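Enquirer: Same order as they appear, the protein sequences are chains C and X.
Position 171 (the first sequence) corresponds to 156 in my numbering; numbering is contiguous.
Position 204 (the second sequence) corresponds to 189 in my numbering; numbering is contiguous.
First the structure, which I've put down as structure tokens, then a few questions once you've had a look.
There are 2 protein chains.
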Amino acid sequence: MNQKDPKIPKIAVIRMALYAKHLGLLDNQGIRVVSSVELADLCGVNPAQIRKDLAYFGQFGTRGLGYPVPELSLSIKKILGTNRIWHLGLVGVGNLGRALLRHSQFAEQGFVFTAAFDLDPQVVGTLVSGVKVSHVDQMKRMIRERSPFDIGVLAVRPEEAQSVADRLKDSGIRAILNFTPMVLALGPDVYVENVDFTVRLHLLCYSMTHGSDVTQQHPR
Amino acid sequence: MNQKDPKIPKIAVIRMALYAKHLGLLDNQGIRVVSSVELADLCGVNPAQIRKDLAYFGQFGTRGLGYPVPELSLSIKKILGTNRIWHLGLVGVGNLGRALLRHSQFAEQGFVFTAAFDLDPQVVGTLVSGVKVSHVDQMKRMIRERSPFDIGVLAVRPEEAQSVADRLKDSGIRAILNFTPMVLALGPDVYVENVDFTVRLHLLCYSMTHGSDVTQQHPR
DNA sequence: TAGATTGTTAATCGATTAACAATC
DNA sequence: TAGATTGTTAATCGATTAACAATC
């Protein structure tokens, strides 16, 4: 997979999501124009950093005026690839899986669950939050025939994580949001993001133990 | 809250948790000694970085030999403050809250839920995963009388996030793991870690859209 | 002692911020 | 035109990595 441009730091991409969020809020308030200083205040970053980050992707403002809110909002969404609906497929309809299916945050941001898989016969065939649960053995066939989703969401037990991830990869899935504590070995063709709540707890423990803040207020 | 030492980067603290995890695995395998090169391989980092990170906190190895696994494992736990049980209090026993209460990862790492609060009369009084759910109006009194937990876990609706966080702060809680999408305004006396799944999805979208990997394999 | 590996300093690399010319 | 603010370069800051003396 080719690297785009002279190398954009991933931290800059993460901040783009932050900017998009605040531009969306400004847009909803009917505000048409914003300066880098104003946006920086809202996001809690340096104004020069916003201008630098945006410059990685093009020119979006007007000197002397600032940035047009609705246009910049859409531009950033296009850059992030979030100016469309992405379909999610859940594997593992346990406690966490159920909570994710019902988590309204996802749909609000254009992430929609279109499939769910489990191996428990008690769960297979049921409807959770409007999504029919299929048997995990049907997964490969369903993905190949209908490609019902873009991103696999992994919420199975740790023991099954690698084998389910392998099956997702074999079926053609190229992105996985991994809620298990396992480090997945899938090679460079599959993008993996690990979500580990306990790392955050470790940071809170460190801060409390030492009276030294290593937390960050803004989401990463 | 005083800053310890000549300034330890938070990324170094995050890596300490990574080292602790792999040292624990080595210890379970009965391995007694490890070099910075071997540990670096396991963790996927540079060996000099491990030696540098450890040097922030003291001397743990023997030149010519390496590091004693069980001793270093315990030392890092002491540094992180995870050589003890931490008690968690959940606020908001919805889908996500329930999943967190039942999430076995927490207990395995020494994080134990000892209290849970909600305002739904259907839920108050029930037992979820061995934890009795109390009314949120009882929270302040319970914390002040019994201080049943150290860290508040916030899984309420966004609208309630700030007011519940304020109540936790008033009750004396000094650390919050925030699962809501709201940025909490609590001042410097409360440590806050935000958990936002959707940021991770944005990164996957960017990677898929551009064919340029901005994900990280190792959990943050 | 010779070989190995830490602890630490110095060199490198990359990201953030300041400054300012371009320009609306 | 004068004032404002971007886009971009240069300066600063901080983190990573290389190198090596200390030492087991």
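C-beta atoms are modelled at their ideal positions from N, C-alpha and C, and glycine is treated no differently.
Remember, predicted model here, so these are calculated numbers, not experimental data.
For a test of the three-state rule: what should DSSP assign to HIS203 of chain C, helix, strand or coil?
Expert: Here HIS203 of chain C scores only 39 on pLDDT, less than 50, and its place in the model is too uncertain to base an answer on.
Enquirer: Residues of chain X with a CB under 7 Å from the CB of PRO166 of chain C: which are they?
Expert: By Cβ distance, chain X contributes GLN90.
Enquirer: Identify which residue in C:THR183, C:ASP135, C:LEU11 has its Cα closest to the Cα of PRO53 of chain C.
Expert: Ranking C:THR183, C:ASP135, C:LEU11 by Cα distance to PRO53 of chain C puts C:LEU11 first.
Enquirer: So which residues on chain C does GLU178 of chain X lean against when the C-beta distance must stay under 7 Å?
Expert: In chain order: ARG185, LEU188, LEU189, THR200.
Enquirer: Can the beta-carbon of THR194 of chain X be found closer than 8 Å to that of GLY115 of chain C?
Expert: Contact flag unset, no.
Enquirer: May I have a chain-ordered list of the alpha helix (DSSP H) segments no shorter than 4 residues that lie completely inside the region 132 to 202 of chain X?
Expert: Counting whole runs of 4 or more residues, the region 132 to 202 of chain X contains the alpha helix (DSSP H) stretches 143 to 156, 182 to 195.
Enquirer: In three-state DSSP terms, what is VAL(-2) of chain X?
Expert: Note: VAL(-2) of chain X maps to helix in three-state DSSP.
Enquirer: For my contact list, LEU81 of chain X and THR99 of chain X are in at a C-beta cut-off of 8 Å; report their separation, rounded to the angstrom.
Expert: About 19 Å separates the two Cβ atoms, so there is no contact after all.
Enquirer: Please report the distance separating the alpha-carbon of GLY79 of chain X from that of LEU112 of chain X.
Expert: C-alpha separation (whole angstroms): 13 Å.
Enquirer: For LYS(-5) of chain X and PHE42 of chain X, I'd like the C-alpha separation in whole angstroms.
Expert: Near 13 Å, if we compare the C-alpha coordinates of PHE42 of chain X and LYS(-5) of chain X.
Enquirer: Three Cβ pairs or more, each shorter than 8 Å: is that satisfied between the region -1 to 6 of chain X and the region 183 to 198 of chain C?
Expert: Contact holds: three or more Cβ-Cβ distances are below 8 Å.
Enquirer: For VAL76 of chain X versus LEU169 of chain X, is the C-beta spacing smaller than 8 Å?
Expert: Against a cut-off of 8 Å, the Cβ pair of LEU169 of chain X and VAL76 of chain X comes out as no contact.
Enquirer: Which partner residues does HIS120 of chain C have in the DSSP bridge list?
Expert: HIS120 of chain C is bridged to C:ASP103.
Enquirer: May I ask which residues mark the beginning and end of the beta strand (DSSP E) holding GLY74 of chain X?
Expert: 71 to 76 is the extent of the beta strand (DSSP E) around GLY74 of chain X.
Enquirer: May I ask you to list the residues that DSSP assigns as paired with GLY51 of chain X?
Expert: X:THR47, per the DSSP bridge assignment.
Enquirer: Give the DSSP-derived three-state secondary structure of PHE98 of chain C in the structure shown.
Expert: PHE98 of chain C falls in the strand class under three-state DSSP.
Enquirer: So that I know if they touch, is there some Cβ in chain X lying closer than 8 Å to that of LEU104 of chain C?
Expert: No, LEU104 of chain C does not count as interfacial toward chain X.
Enquirer: Would you kindly work out how many angstroms separate the C-alpha atoms of ALA146 of chain X and GLN94 of chain X, rounded to a whole number?
Expert: Cα to Cα, ALA146 of chain X sits roughly 26 Å from GLN94 of chain X.
Enquirer: Note down, in chain order, every chain X residue with its Cβ under 7 Å from the Cβ of LEU81 of chain C.
Expert: Those are ALA84, HIS88, listed as they occur along chain X.
Enquirer: At a CB-CB cut-off below 7 Å, which residues of chain C make contact with ALA2 of chain X?
Expert: Chain C residues near ALA2 of chain X: VAL184, HIS187.
Enquirer: Using C-beta distances below 7 Å, list every residue in its chain close to LEU85 of chain C, excluding the 5 sequence neighbours before and after it, in chain order.
Expert: Hits under 7 Å: LEU75, VAL138, ALA140.
Enquirer: For a test of the three-state rule: what should DSSP assign to VAL22 of chain X, helix, strand or coil?
Expert: The answer is helix: DSSP assigns VAL22 of chain X an H, G or I state.
Enquirer: Within 8 Å of any Cβ in chain X, is that where the Cβ of THR99 of chain C sits?
Expert: No, THR99 of chain C does not count as interfacial toward chain X.
Enquirer: Got a sec: which bits of the region 142 to 161 of chain C sit with their beta carbon under 7 Å from any beta carbon on chain X, in order along the chain?
Expert: Listed by position, the residues of the region 142 to 161 of chain C near chain X (Cβ gap below 7 Å) are ARG159, ALA160.
Enquirer: With burial defined as no fewer than 16 other Cβ atoms inside 10 Å of the residue's Cβ, what is the status of LYS62 of chain C: buried or exposed?
Expert: Buried.
Enquirer: Would the beta-carbon of PHE239 of chain C fall within 8 Å of that of SER119 of chain C?
Expert: The displayed coordinates of chain C run from -14 to 205. Any statement about residue 239 of chain C would go beyond what the structure contains.
Enquirer: Would you say THR111 of chain X faces chain C, with C-beta separation under 8 Å as the test?
Expert: Chain C, which has no Cβ nearer than 8 Å to the Cβ of THR111 of chain X, makes this no.
Enquirer: Along the alpha helix (DSSP H) that carries ARG36 of chain C, what are the first and last residues, could you check?
Expert: Residues 32 to 40.
Enquirer: Suppose the cutoff is 7 Å on Cβ atoms and the five residues either side in sequence are ignored; what does the same chain contact list for LEU286 of chain X look like?
Expert: Residue 286 of chain X lies beyond the range of chain X shown here (-14 to 205); nothing can be said about it.
Enquirer: Using only CA atoms, which one of X:THR165, X:PRO166, X:MET167, X:GLY172 lies nearest to LYS154 of chain X?
Expert: Minimum Cα distance to LYS154 of chain X is reached at X:GLY172.
Enquirer: Between the Cα of GLY196 of chain X and those of C:GLY9, C:ARG69, C:VAL175, spot the shortest distance and give me the residue it belongs to.
Expert: Comparing Cα-Cα distances from GLY196 of chain X to each of C:GLY9, C:ARG69, C:VAL175, the minimum goes to C:VAL175.
Enquirer: Which same chain residues, not among the five before or five after LEU57 of chain X, have their C-beta less than 7 Å away from its C-beta?
Expert: Contacts found: LEU8, PHE45.
Enquirer: Counting only beta-carbon atoms, is LYS(-5) of chain C nearer than 8 Å to chain X?
Expert: Yes, LYS(-5) of chain C counts as interfacial toward chain X.
Enquirer: Within the same chain, show all residues whose beta-carbon is closer than 8 Å to that of LYS125 of chain X, passing over the 5 residues directly before and after it, in chain order.
Expert: Cβ within range, chain order: ARG152, ASP155, SER156.
Enquirer: Starting from ASN80 of chain X, trace the alpha helix (DSSP H) in both directions and tell me its first and last residue.
Expert: Unbroken alpha helix (DSSP H) run through ASN80 of chain X: 80 to 87.
Enquirer: Along chain X, in chain order, which residues have C-beta atoms closer than 8 Å to that of LEU65 of chain C?
Expert: Neighbours of LEU65 of chain C on chain X, chain order: HIS187, CYS190, TYR191, THR194.
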